[in-house]
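Peer 1: Here the protein sequences come in this chain order: A, B and C. The UniProt record's numbering puts the first residue of the first sequence at 1, with every later residue one more than the last. The UniProt record's numbering puts the first residue of the second sequence at 1, with every later residue one more than the last. The UniProt record's numbering puts the first residue of the third sequence at 1, with every later residue one more than the last. Heads up, the beta-carbon is just placed ideally off N, CA and C, and yes, glycines get one too. To start, I am sharing the structure in question, which I have written as structure tokens.
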Amino acid sequence: MDVVAAKQIGAGLAAIALAGAGVGIGSVFASLVATIGRNPASRPHVFTLGMLGFALTEATGLFALLIAFLILFA
Amino acid sequence: MAAEKHSIDALGQFVLYPVFGNVGRSLHIAQSNVLMAIAAILILGLLYLGMRPRAVVPGRLQAAAELLYEFVYNMVDDQLGRKAHAYFPFVFALFCFILFGNYLGLIPGSFTYTSHIAVTLTLALVVFVLGLIVSLRVQGLHFFAHFLPEGSPIFLAPLLVPIEIISYLSRPISLSIRLFANMVAGHVLFEVFAAFTIMLGSLGVIGKFIAVAPVAVNVAMFALELLVGALQAYVFAILTCIYLREAAVETHDEALV
Amino acid sequence: MRLPLLAAIMTAAGAIALGAATPAFAVGMPQLDASNPLLWWQLVWGAVIFVVLYVLLSRSALPKVAGVLATRAARIESDLDAARDAKREADEAGRTMHEERRRAAAEAQDLVAKTVAEARESAAATLRELNAKLDAEADAAEARLAAARDAALASLPGVAVSTATALVEKLTGRAPEPARIESAVSAHLPSKAA
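Written as structure tokens, this is what we have:
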């Protein structure tokens, strides 16, 4: 098989991992919305935690993206 | 690979090249260093110019400087409590350096030094080594006890200890890759959408109209990148605080990766 | 605001410096291109810049901000203290005023009561005096009346005697005996006591 084609297929496969990151970010914000909805007074505390959770979760997706980049370009 | 195989040059923006002519070439000054210096000067300028009036009722610039100060101070104080004093300047420098790097990189035509894994990994290793030194100094040999979680059965030790060690060693890697990957992804997307605009623009009259869409996407992306830039600086700083708390404060908390 | 101006100048300078060379077309990831010596040199210069930034921040810039914030906190604290003192004084003054007013009201009440009592007393005294005077006058008048009646009654037999004498003289043509007339009159007149 052509190496370039293999690289592109590999990069595409690596991008599948973004599904997990999507589910994770959705879960983080679902919990955040539910928590604030239940107790609006907790918003300032919970919001920063939610942002932290979002950033940590999003990073896993970016790891996959990084792998895709490495496969394609490195 | 030939150039025409990549019609979208998404990575050219990250290439380092020497600046300031022959002087820069012989001193190996890259454009990323120029941006770092600009960021440092802006940070110091904000604080020095902002705080020069020493007003009790602050003006706009002074309010901005105080806001930045208090934001970082509260963050450090929440995590480190009475030990905040010692580590606050370091976390402040780190936070501002990353924040200004992210934001200066958003100026079209400039360069994002936080999009270089070498830079972010160096910053993360500084944090890691600092945390290691502090934990060894504060906790002594007791530090190594943390690699076996308390209350875990001893026969699981051969399994748990390597996992804990690996998770500890992977901290600087995850810390640096998070920032690096966020910045690279954002700027690559900018470049990709900008290239779409150019491609569509060469497709005749209708293409020129449709070419507005990627520009609009880029505008929205820019807003998102403003958020991401601040958020990643915040995350880097807060994780630094958490690691330093683990090192400097005796109680062992659940490790955050 | 000087900082935006500074930022604009810095950006322009940076753009000029950066514009000196156009980036090459990247084949691999430039971040992992170890053949470019600048990849390592940027760390050296970056470390220098970061250390300078850290030293300046920790030695002068951040203590300055902390000083201003501490000054403000102290100022606010002292202002609050002053405000608390003023409030305490105002409360004190208010309490004193209430006290004073209550005392004044009580005094006024006393004064009013005393005045009313005095007035009533003097009115009663005057009334008594007047009554006494009236009584005395009434007594005197009564005495005078009684004296007048007595005098009148005393003169009545004389008149009656002379009248009877005149009548008898007219009727009989001769002067009667005064003693008979007198006894006849005194027999018909009521006694002086009646």
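Leaving out five residues before and five after A/Thr57 in sequence, what residues of the same chain have Cβ atoms less than 7 Å from its Cβ?
Peer 2: Closer than 7 Å at Cβ, skipping near neighbours: Ala21, Gly24, Ile25, Val28.
Peer 1: Please specify which runs of the alpha helix (DSSP H), each continuous and at least 4 residues long, are wholly inside the stretch 156 to 235 of chain B, giving them in chain order.
Peer 2: As far as the stretch 156 to 235 of chain B is concerned, its whole alpha helix (DSSP H) runs of at least 4 residues are 157 to 201, 204 to 210.
Peer 1: What in chain B is Cβ-close to C/Gln109, meaning under 9 Å?
Peer 2: Result: empty, since nearest Cβ-Cβ is about 54 Å, beyond 9 Å.
Peer 1: Any idea if C/Thr126 is buried or exposed, counting beta-carbon neighbours within 10 angstroms, 16 or more meaning buried?
Peer 2: When all chains shown are included, C/Thr126 counts as exposed.
Peer 1: With 7 Å set as the bound, which would you pick, yes or no: does the beta-carbon of A/Ile9 sit closer than that to a beta-carbon of chain B?
Peer 2: With 7 Å as the cut-off, A/Ile9 does not count as an interface residue toward chain B.
Peer 1: Give me the Cα-Cα distance between B/Ser202 and B/Phe222, rounded to the nearest whole angstrom.
Peer 2: Using only the alpha carbons, I get a separation of about 24 Å.
Peer 1: Compile a chain-ordered list of the residues in the stretch 222 to 240 of chain B whose CB is closer than 8 Å to at least one CB of chain A.
Peer 2: For the stretch 222 to 240 of chain B, which is checked against every Cβ of chain A, the residues closer than 8 Å are Leu231, Gln232, Tyr234, Val235, Ile238.
Peer 1: Determine the direct distance from the alpha carbon of B/Ala37 to that of B/Val212, and round the result to whole angstroms.
Peer 2: Taking the straight line from one Cα to the other gives about 36 Å.
Peer 1: Under the three-state reduction of DSSP, which class applies to C/Ala132: helix, strand or coil?
Peer 2: Note: C/Ala132 maps to helix in three-state DSSP.
Peer 1: How about B/Asn102: is its C-beta nearer than 7 Å to some C-beta of chain A?
Peer 2: No, no contact with chain A.
Peer 1: Taking the DSSP output, what are the residues bridged to B/Pro18?
Peer 2: DSSP output for B/Pro18 lists B/Ala30 as bridge partner(s).
Peer 1: Kindly confirm or deny that the stretch 93 to 113 of chain B and the stretch 104 to 112 of chain C touch, where touching means at least three C-beta pairs closer than 8 Å.
Peer 2: Because the criterion of three Cβ pairs below 8 Å is not met, the stretch 93 to 113 of chain B and the stretch 104 to 112 of chain C do not touch.
Peer 1: Using a C-beta to C-beta distance shorter than 7 Å, which residues of chain B count as neighbours of C/Leu56?
Peer 2: Chain B residues near C/Leu56: Leu44.
Peer 1: Going along chain B, which residues have a C-beta under 9 Å from A/Leu62?
Peer 2: Simply Ile177, Arg178, Phe180, Ala181, Asn182, Val184, Ala185.
Peer 1: Strictly below 8 Å CB to CB, what residues from chain C border B/Thr122?
Peer 2: Under the 8 Å cutoff, chain C gives Leu43, Gly46, Ala47.
Peer 1: Could you check how far apart the C-beta atoms of B/Val134 and B/Ala248 are, in whole angstroms? I think they sit under 8 Å.
Peer 2: So it is a contact: roughly 5 Å between Cβ atoms.
Peer 1: Quick one: grab the DSSP three-state call for C/Ala175.
Peer 2: In this structure, C/Ala175 counts as coil in the three-state DSSP scheme.
Peer 1: Can you tell which of B/Leu189, B/Ile198, B/Leu42, B/Val19 has its C-alpha closest to the C-alpha of B/Gln31?
Peer 2: B/Gln31 has its Cα closest to that of B/Val19, out of B/Leu189, B/Ile198, B/Leu42, B/Val19.
Peer 1: For a contact defined as C-beta to C-beta under 8 Å, what are the partners of A/Phe73 on chain B?
Peer 2: Within chain B, the residues near A/Phe73 are Leu11.
Peer 1: Using the three-state DSSP reduction, which class does C/Asp110 fall into: helix, strand or coil?
Peer 2: It is helical.
Peer 1: So, do the stretch 90 to 107 of chain B and the stretch 50 to 63 of chain C have three or more beta carbon pairs nearer to each other than 8 Å?
Peer 2: Result yes; three or more Cβ-Cβ pairs closer than 8 Å.
Peer 1: Against chain B, with Cβ distances strictly below 7 Å, would C/Leu80 count as a contact?
Peer 2: Not one chain B Cβ lies under 7 Å of C/Leu80.
Peer 1: Could you work out which residue in C/Ala82, C/Ala117, C/Val44, C/Leu32 is closest to B/Val34 when comparing CA atoms only?
Peer 2: Checking every option, the nearest Cα to that of B/Val34 belongs to C/Val44.
Peer 1: Counting beta carbon pairs with one atom in the stretch 10 to 29 of chain B and one in the stretch 185 to 205 of chain B, are three or more of them shorter than 8 Å?
Peer 2: The stretch 185 to 205 of chain B is in contact with the stretch 10 to 29 of chain B.
Peer 1: Classify C/Pro178 as buried or exposed, calling it buried when 16 or more other Cβ atoms lie within 10 Å of its own Cβ.
Peer 2: Label assigned to C/Pro178: exposed.
Peer 1: Quick one: is A/Ala55 near chain B, going by C-beta distance under 7 Å?
Peer 2: Interface residue, yes.
Peer 1: Am I right that B/Leu47 and C/Ala61 are in contact with their C-beta atoms under 8 Å? What's the rounded C-beta distance?
Peer 2: Going by Cβ atoms, the distance from B/Leu47 to C/Ala61 rounds to 4 Å, so yes, they are a contact pair.
Peer 1: Would a C-beta distance cut-off of 7 Å place A/Ile67 and A/Ala30 closer than the cut-off?
Peer 2: No, these two residues do not count as a Cβ contact at 7 Å.
Peer 1: In chain B, which residues lie less than 9 Å from C/Ala74 when you measure between Cβ atoms?
Peer 2: Ordered by position in chain B, no residue passes the 9 Å Cβ test against C/Ala74, which lies about 10 Å from the chain.
Peer 1: State yes or no: is the beta carbon of C/Ala93 nearer than 7 Å to at least one beta carbon in chain B?
Peer 2: Chain B contact via Cβ: absent.
Peer 1: Are the Cβ atoms of B/Met51 and C/Lys64 separated by less than 7 Å?
Peer 2: Cβ atoms of B/Met51 and C/Lys64: closer than 7 Å.
Peer 1: Using a C-beta cutoff of 7 Å, does B/Ala118 count as contacting chain C?
Peer 2: Closer than 7 Å to some Cβ of chain C, the Cβ of B/Ala118 qualifies, so yes.
Peer 1: Thinking B/Gly131 and B/Ser115 are a contact (beta carbons under 8 Å), I'd like their distance in whole angstroms, please.
Peer 2: About 25 Å; that fails the 8 Å criterion.
Peer 1: Report yes or no: is there a C-beta of chain B within less than 7 Å of the C-beta of residue 196 of chain C?
Peer 2: This structure gives no information on residue 196 of chain C, because the portion of chain C shown stretches from 1 to 194.
Peer 1: Put C/Ile49 into one of helix, strand or coil per three-state DSSP.
Peer 2: In this structure, C/Ile49 counts as helix in the three-state DSSP scheme.
Peer 1: Does any residue of chain A bring its CB to less than 7 Å from the CB of B/Ala2?
Peer 2: Only weak support exists for where B/Ala2 lies, its pLDDT of 36 falling under 50; the value from the coordinates is given anyway. B/Ala2 does not count as touching chain A.
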